[in-house]
Amino acid sequence: MTKVLLSLGSNLGDSIDILNHAIDDIKGKDGIKKVVVSPFYKTKPVGFLDQDDFVNLALSLETDINSFELLDFLSSLELKYKRVRLFKDGPRTLDIDIIAYGDTKSDDKKLTLPHPRMQDRAFVLAPLKDIEPDFLVTKFNQSIKELFDALPTKEKQDVKVING
806 MTKVLLSLGS NLGDSIDILN HAIDDIKGKD GIKKVVVSPF YKTKPVGFLD QDDFVNLALS
866 LETDINSFEL LDFLSSLELK YKRVRLFKDG PRTLDIDIIA YGDTKSDDKK LTLPHPRMQD
926 RAFVLAPLKD IEPDFLVTKF NQSIKELFDA LPTKEKQDVK VING
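Note that my numbering has the sequence shown beginning at 806, numbered continuously upward.
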């Protein structure tokens, strides 16, 4: 079994409801075990700023599903919840990113591991820090907590825990 870290986000529709249903779908998938869910966070958009705030959270899990099959499953969930990719960093009903798949490194066009911008994103690192602070990201030779602590203060202030 491989430890996997996921980041989930939504800012269209009933985001909390969509995220809760997506969590249930992930927990119910054969080959996925030991799912741990972070608190929910309200976060500012990144990139395209003229949109509603996001609700973000993180999951850690163990799986024997290979990384590309897992990506296909997660992409099918995005479609199930009516994600439409209008433009980069645009609003979405559901976004699921594989942040880390064990210590796998991949530069495949379909799946880059670990996630190429994880170290810059408080909306990814804050929820992960709550559930996997000591997970070592071998690419940086730093833990999730160390990566979060290295973020600028302003970045960290833009993520706030909310009730999910």
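Glycine included, each C-beta is placed from N, C-alpha and C at the ideal position.
How many angstroms separate the CA atom of LYS950 from the CA atom of LYS944? The sequence position of residue 950 within the sequence shown is 145, counting from 1. The sequence position of residue 944 within the sequence shown is 139, counting from 1. Approximately 15 Å, taken between the alpha carbons.
Are the Cβ atoms of LEU862 and PHE845 separated by less than 7 Å? Position 57 of the sequence shown, counted from the first residue, corresponds to residue 862. Position 40 of the sequence shown, counted from the first residue, corresponds to residue 845. Taking 7 Å as the Cβ cut-off, LEU862 and PHE845 qualify as a contacting pair.
By how many angstroms is the C-alpha of ASP925 removed from the C-alpha of GLN962? Stepping through the sequence shown from its first residue, residue 962 is reached at position 157. Stepping through the sequence shown from its first residue, residue 925 is reached at position 120. GLN962 and ASP925: Cα-Cα distance of roughly 14 Å.
Is it buried or exposed, ALA955, if we count other Cβ atoms within 10 angstroms and call 16 or more buried? Numbered from its first residue, the sequence shown carries residue 955 at position 150. Exposed.
With distances taken from CA atoms, which of SER880, PRO850, PRO957, LYS887 is nearest THR898? Numbered from 1 along the sequence shown, position 93 holds the residue referred to as residue 898. Checking every option, the nearest Cα to that of THR898 belongs to LYS887.
Between LYS914 and chain C, is any beta-carbon pair separated by less than 7 Å? Included in the structure is just one protein chain, with no chain C present.
Below 8 Å on the Cβ atoms is my contact criterion, and I expect LEU952 with LEU918 to pass it. Report the Cβ-Cβ distance as a whole number of Å. As a first step, residue 952 must be located in the sequence shown, where it is residue number 147. As a first step, residue 918 must be located in the sequence shown, where it is residue number 113. Incorrect: roughly 15 Å between the Cβ atoms, too far for contact.
How would you write the range of the beta strand (DSSP E) that GLU937 sits in, first residue to last? Residue mapping note: residue 937 aligns to position 132 of the sequence shown, counting from 1. Premise fails: GLU937 is in no beta strand (DSSP E) and is neither H nor E.
Using three-state DSSP, classify GLN947 as helix, strand or coil. Along the sequence shown, read from residue 1 onward, the residue named residue 947 stands at position 142. Of the three classes helix, strand and coil, the one that applies to GLN947 here is strand, per DSSP.
Taking DSSP as the reference, what is the three-state secondary structure of VAL870? On the sequence shown, position 65 is the one that residue 870 refers to. Reading off the sequence, residue 870 comes out as Ile, not Val. The answer is coil: DSSP assigns ILE870 none of H, G, I, E or B.
State the DSSP-derived secondary structure class of ASN861, mapped to helix, strand or coil. Taking the first residue of the sequence shown as position 1, residue 861 is located at position 56. If DSSP states are grouped into helix, strand and coil, ASN861 belongs with the strands.
My parser needs the beta strand (DSSP E) runs of 3 or more residues fully inside the stretch 875 to 933; what are they? 900 to 906
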